[in-house]
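J.: Residue numbers (numbering that gives the first Met the number 0), protein chains in the order written: chain A, 0 to 578; chain B, 0 to 261; chain C, 0 to 368. Each residue gets a CB set at the ideal place from its N, CA and C atoms; glycine is no exception.
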Amino acid sequence: MRLDPHSRKWGLVAGLIMSFMAAIGMIRSFDDRMMINPVLSLGYIALLLSPALFGYLAARGEVNILEEPERNIAEGASKGAMAGLIAGAVTVAFLLVTSPFDLSGFFPNISTAMYDVMTFHQGLGVGSLLLVAISALVGALGGALYGVGDVARNGIFRALGWVMLFALFELVVTDVIDFRPIVRFIYVQGGGLQFWSALIIGGLAWWLGVRYQGKRAEYSDAAKASEAGSRLRYSLIGVGILLLIVLPMIVGGIVNELLINVALFILMGLGLNIVVGLAGLLDLGYVAFFAVGAYGMAVLTSPLSPTLTPALNWWVALPIVMVFAAIAGVLVGTPVLRMRGDYLAIVTLGFGEIVRLLLLSDWLTPYFGGAQGITRIPGITSGPVTISGTSPELFIYMTMIFVAIAAYVSHRAQNSRVGRAWAAMREDEDVAEAIGISTVSAKLLAFVTGAIIASFAGALFSAKVGTVFTNSFDVLVSIIILVVVIVGGMGSIRGVALGALMLIGVLGGPKSQGLLTEFSEFKLLIYGAILVYMMLKRPEGLLPSVRRSRELHGAEAEQDAWLDRKGDFVDEDAEEAVT
Amino acid sequence: MALLDIRGLEKQFGGVKALDGVDFNIEEGEIVSVIGPNGAGKTSFFNVISGMFSPDNGTIVFDGDHVAGHLPNEITERGIARTFQNVRLFPNLTVLENVMVGMHCRTKQGMWGTIFQTRAQRAEEQLIEDTAKEILSFFGTRLTGYRHDQPAFALSYANRRRLEIARAMATQPKLLLLDEPTAGMNPRETIELTQLIGKLRSERGLTVVIIEHDMKVVRDVSDRVVVLDHGVKIAEGSYEEVSTNDDVIEAYLGRPQGSDDE
Amino acid sequence: MSTEVAPEVAKTRRFKFNWVDSFLWFVRVVAIIAITVGIVGSFQKFAAGEGPSAVAWRDLIISSISTGSMYGLIALGYSMVYGVLGFINFAHGEVFMSGTMVGLISATLLFNNGFWESNPLISIFVVLLVAMITSTLVAIVIERVAYRPLRGAPRLIPLITSIGVSFFVQYSFAGLFGVALRNYPPAPPRLAADLTVFGTTFPISGTRALVIGVAIVSMIGLWYFVTKTKTGSAMRAVAEDKEIAGLMGIDVDKTIVTTFAVGGAMAGVAGLMWALLFRGVDFLTGFLPGIKAFTAAVLGGIGNLPGAMLGGIMLGLFEGVGPLLVLDGLGIPGVSQLKDAVAFAALVLVLIFRPTGLLGERLGSEDRV
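1. Check the Cβ-Cβ distances between Thr333(A) and every residue of chain C, and say whether any is below 9 Å.
2. Any Cβ of chain A within less than 9 Å of the Cβ of Asn236(B)?
3. Just the Cα atoms here: how many angstroms apart are Ala499(A) and Gly122(A)?
4. In terms of residues, what are the limits of the beta strand (DSSP E) holding Thr58(B)?
5. Consult DSSP for Phe31(A) and reduce its assignment to one of helix, strand or coil.
6. Only counting runs of 4 or more residues, tell me where the alpha helix (DSSP H) segments fall wholly within the stretch 343–372 of chain A, in order along the chain.
7. Considering only DSSP beta bridges, list what Arg223(B) is partnered with.
8. Between which residues of its own chain and Ile200(A) is the CB-CB distance below 7 Å, once the five residues before and five after are set aside?
9. How about Glu93(C) and Val164(C): do their beta carbons lie closer than 9 Å?
10. How would you list, in chain order, the residues of chain A whose beta-carbon sits under 7 Å from the beta-carbon of Ser221(B)?
11. Nearest-angstrom Cα distance between Ile211(C) and Pro309(A)?
12. Please report whether the beta-carbon of Ala80(B) lies at a distance below 9 Å from any beta-carbon of chain A.
13. Which residues does DSSP pair with Phe12(B) in a beta bridge?
14. Below 8 Å on the Cβ atoms is my guess for Gly270(A) versus Ala453(A); work out the distance and round it to an integer in Å.
15. Which value, in whole angstroms, describes the spacing of the CA atoms of Glu133(B) and Ile164(B)?
16. Taking only beta-carbon positions, decide if Pro288(C) is within less than 9 Å of chain A.
17. Along chain A, which residues have their Cβ under 7 Å away from the Cβ of Gly177(C)?
18. Under 9 Å between C-beta atoms, does Tyr233(A) make it to chain B?
19. What did DSSP end up calling Phe460(A) once you bin it into helix, strand or coil?
20. Can you name, in chain order, every residue of its own chain whose Cβ lies under 6 Å from the Cβ of Thr374(A), other than the five neighbours on each side?
21. Are the CB atoms of Gly148(A) and Gly79(A) within a distance shorter than 9 Å?
22. Since Leu535(A) contacts Pro148(C) with CB under 8 Å, what's their CB separation in whole angstroms?
23. Is Asp248(A) buried or exposed, if buried means 16 or more other CB atoms sit within 10 Å of its CB?
24. Less than 9 Å between the beta carbons of Leu275(C) and Thr206(C), yes or no?
25. Does the beta-carbon of Ser117(C) have 16 or more other beta-carbons within 10 angstroms, so that it is buried, or is it exposed?
26. Going by DSSP in three states, Ala151(B) sits in which element: helix, strand or coil?
27. So, under 8 Å CB-CB, Val220(B) and Ile30(B) are touching, yes? Tell me the CB distance rounded to an integer number of Å.
28. Quick check: what's the CA-CA separation for Ile319(A) versus Val505(A)?
29. Among the residues of its own chain, which have a CB less than 8 Å from the CB of Asn97(B), if the five just before and after it don't count?
30. Of the residues that make up the stretch 315–336 of chain C, which ones have a beta carbon closer than 9 Å to any beta carbon in chain A?
31. Kindly list the residues whose CB is nearer than 8 Å to the CB of Leu159(A), restricted to its own chain and excluding five residues on each side of it in sequence; keep chain order.
32. Can you give me the Cβ contacts of Asp327(C) inside the same chain, cut-off strictly under 8 Å, excluding the 5 residues immediately before and after it?
33. Along the chain, which unbroken stretches of the alpha helix (DSSP H) at least 4 residues long are found entirely within the stretch 240–282 of chain A?
34. In this structure, what does DSSP give as the bridge partners for Val196(C)?
35. Please tell me whether Arg59(A) has its Cβ less than 9 Å away from any Cβ of chain C.
36. Give the DSSP bridge partners of Phe23(B), in chain order.
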């Protein structure tokens, strides 16, 4: 029998991923979360995602951009089934090989509970066959999906996507609807969509999608055409702002809490975006500036701060904190001015860790409280109103204001003399200097601006939480902010917002849980995987800035430009089209 | 007084003397070519003048000030601009942005004006854009219109060279250093560029130093020719003088056989 | 002629105030004064009979050297990858951790059999093999999956990727082995005791002597491999110029894999040393030694293999002896907490003031510009 090489390859990959997910306990742990009651848990979705995805890839085979691919349901299904079969077989092999030994001493997650979940609670014998069969079936479905027509495939994707969204974001949906009968109609008590409501949601998504397919394209065209700043664009922005104002009122405390976290990370992401995305300086110790903001505010406002207790009002302390942050920016920025990009990354990482270790040390404990941190930081008092972490529905507006300031500053800077100097420096530092840009001041300006924005985040953070400890400021935070910026798209303001919403909001931040609490155990694993994937497949991020995407896809853009111009070419220098 | 006066310029790279006591001067409004065989130290000469390397020894007096050892951006600010042998644009910025960025040292709005959108800032942005467009129009229609918004990497080789000159012009220099401006151009483009260099002087009042290999360009464009070899100035004078100078012929072609040697 | 204008040049430069340089000089001077004052303070304490005794100092130095030689072995991996591919393989610390973690399984099994106690050297050799093989495999897989598709990408892209890889490997191991700290079995009594050769007892425990010995042997082996074998010279050629090396008929991809494999093997050896010196392992074990080893690599001159070893030992001494010698002398309390801060400070200062390292960098042609 001839085995399709793609099926073999992708089947093996899928099988290894499934075994890996089983071995690290992901599937077992996700199994606790029901998605569609009572048939499907998140664990099985995670498990069967691999055969489905790789079945699809197996059916696609070699990507050839020049020819319209042949799409054939039966062939796709058979290829996908083969990949799924192999994936299932590999996974079963893993289970069978490991099961005779008691490995739980070394590998706590290779446990009887895991075998139980993996074999669908049917015992190793029947369960193994079942796993292979289901995996092959899902693989076949994935492969068949490649074979069906565009409209049907989009419909299926949309239906599945919406069902998943409703299932995953149960917390938000119940929070927003907040009307028991409807909630009970959609969800089962204790988690998961009702079976029929899943069908209804899927069906609706499909139907609406098909119904409005043409319309949507029209709208997005209109939105694109309005790029320059027409009325439609402004009204869209207006609607967006209105939504942002209304949103915290309709969602509950937990979601607001989450939104505050997201907003803080957007704020820091925007700051880091100036340093990394605009000026091209990879800063891995960005959290140090956050720490300066948080500790500065703590020392200045808390009545319990050791040694120094000015106990100022938040608003009075803010300018002082900004000055501290600016000084910190200069102090970190100056030594690294002449440094190669990768060394700069490591040195800033070193600075970040030094700040944390010093704050923690006995030496500075008399000033910053060491491991005990600083407590009783008051909220933000303006006149009679005090906004603190206990009133998240107010605090969110506070953070939004600062996010808006940061976004405005980034936007302005990007398209100005300063931003052009940064862009030039990012592209070629020597030449930038040779055409008269003082790289010293451009770099320091980037560091200082970034530092001040981070200090806003720190100041808000300390007012929200009420206490600051050093463990909120370890290198993990710097790296997660970097991931947010990279996933969203370096240099892109919308990108940073999207990245923070997806990563911090859904997966959870370094110290906080996201919407999907089930993921929190594995979120850093997922962060790592996302970072690698993005770097390999989409280094410009999800919503890239124009300049950055040019940088990373230069050759393609060049080709596109050439193809575009071949049509309506009127210039007399035909030889100039492309070198 | 000469616009640029260089005395005894020396620069070593790991034991190799790239420049070995070069004297050079140029009057305002002059066009001088620097020629010499490969590895003669021509580009090092430019690199030292523009501040990318600081000299080991010697003085560079530009417009009455000592500039040796200053940072490249300070030297550019004083009025020396340059292009590079292997065109170095900012490939992902648009054509217009590439020129606008060249205005950096002649403008001054910083973060404050940017954030608060002051009247001065808006006026300056407008000025930058207008000047950049005006400079680009210096090259005829080649870099205008839709080209303004094209990324620089999408340009042809000749246009990249032109854009680089435009960027240098945007720094509003008194002295322009062009490093092999016609390299890689076809004959028609070369002729056009030769005329353009003349226009740089006549219309813009620039003083120009060119490194050039194409002797036709050298002949057509330069008032004076300086020949470097192994970091030493071996000849100086009009094109005719230099082209018949024995040392120069020797440097290019090697010592004729049978001639005397000690 | 040139001699007579020289003073003038010097004059123009002297009056050219550059505040960045001035700031850096200021930092330099402050650092030197602080270090001098600290050392003098410590000596005064020592003379006054306070602080650690002479024996304590000696032991501290010996233990710092053994820790440092472990850093040196990890640093080799950073150095080789930097030399060949020109980027910082941030995930190398995780390669080291993986060897230590998997080595733990074999060590525990051997210990449960009683073999660990009865045949300590053979057991340690077995664990060494396991650790080396694991680390090598992990390094090769990382190269294949994450770095190979990025050949020729801007330098920061693989660096960022390696940060992602680092997270992924860390938390994969957290998932596989759990997050708890696990301990290697205690060193057999014969090793834990002071080293005795032909009746002479040396003031160094057998474990530390073994660690230093293994480091020296690995270093010599690696040096022989790189300078004397054909694969080694291919590696050097690829480090010099990938393109030309490829044109000369060297299989560049294969050579790069070899580089990762050798670096991984050395990290595996270091993993065993960690086990012998510190015993405790968890999934975060790789982070700090990784950063410190990178510091060591830069300290010695990145791309320079003897430099990596030297840098490792220097860094071991800095962080081991430095806090007591300098910070304690300055009157800073709780200096032992600042061990890592000293290592990071060393990292920062080296990169700022001597990025080419003690023995000089050896970089590929495209990095030298």
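T.: Working from what's here:
1. Thr333(A) counts as touching chain C.
2. Going by the sequence as given, residue 236(B) is Gly instead of Asn. It does not; no Cβ of chain A falls within 9 Å.
3. 42 Å
4. First-last of the beta strand (DSSP E) with Thr58(B): 56–61.
5. The residue asked about is misnamed: residue 31(A) is Asp in this sequence, not Phe. If DSSP states are grouped into helix, strand and coil, Asp31(A) belongs with coil.
6. Complete alpha helix (DSSP H) runs here, min 4: 364–367.
7. Val31(B)
8. Trp161, Val162, Phe165
9. yes
10. Neighbours of Ser221(B) on chain A: none; closest Cβ ~24 Å, over 7 Å.
11. 54 Å
12. yes
13. Val15(B)
14. 5 Å
15. Going by C-alpha positions, Glu133(B) is about 13 Å away from Ile164(B).
16. no
17. One finds Pro107 in chain A with Cβ atoms closer than 7 Å to the Cβ of Gly177(C), taken in chain order.
18. no
19. helix
20. Leu303, Thr466
21. no
22. 5 Å
23. Rather than Asp, the amino acid found at residue 248(A) in this sequence is Met. The residue in question, Met248(A), is exposed, as its Cβ has fewer than 16 Cβ neighbours within 10 Å.
24. yes
25. exposed
26. helix
27. 6 Å
28. 34 Å
29. Answer for Asn97(B): Leu88, Phe89, Ala151, Leu162, Ala165, Arg166, listed in chain order.
30. Leu326, Ile331, Pro332, Gly333, Val334, Gln336
31. The residues are Gly201.
32. Gly37, Gly40, Ser41, Lys44, Gly50, Val334
33. 252–271
34. Thr199(C)
35. no
36. Ile5(B)
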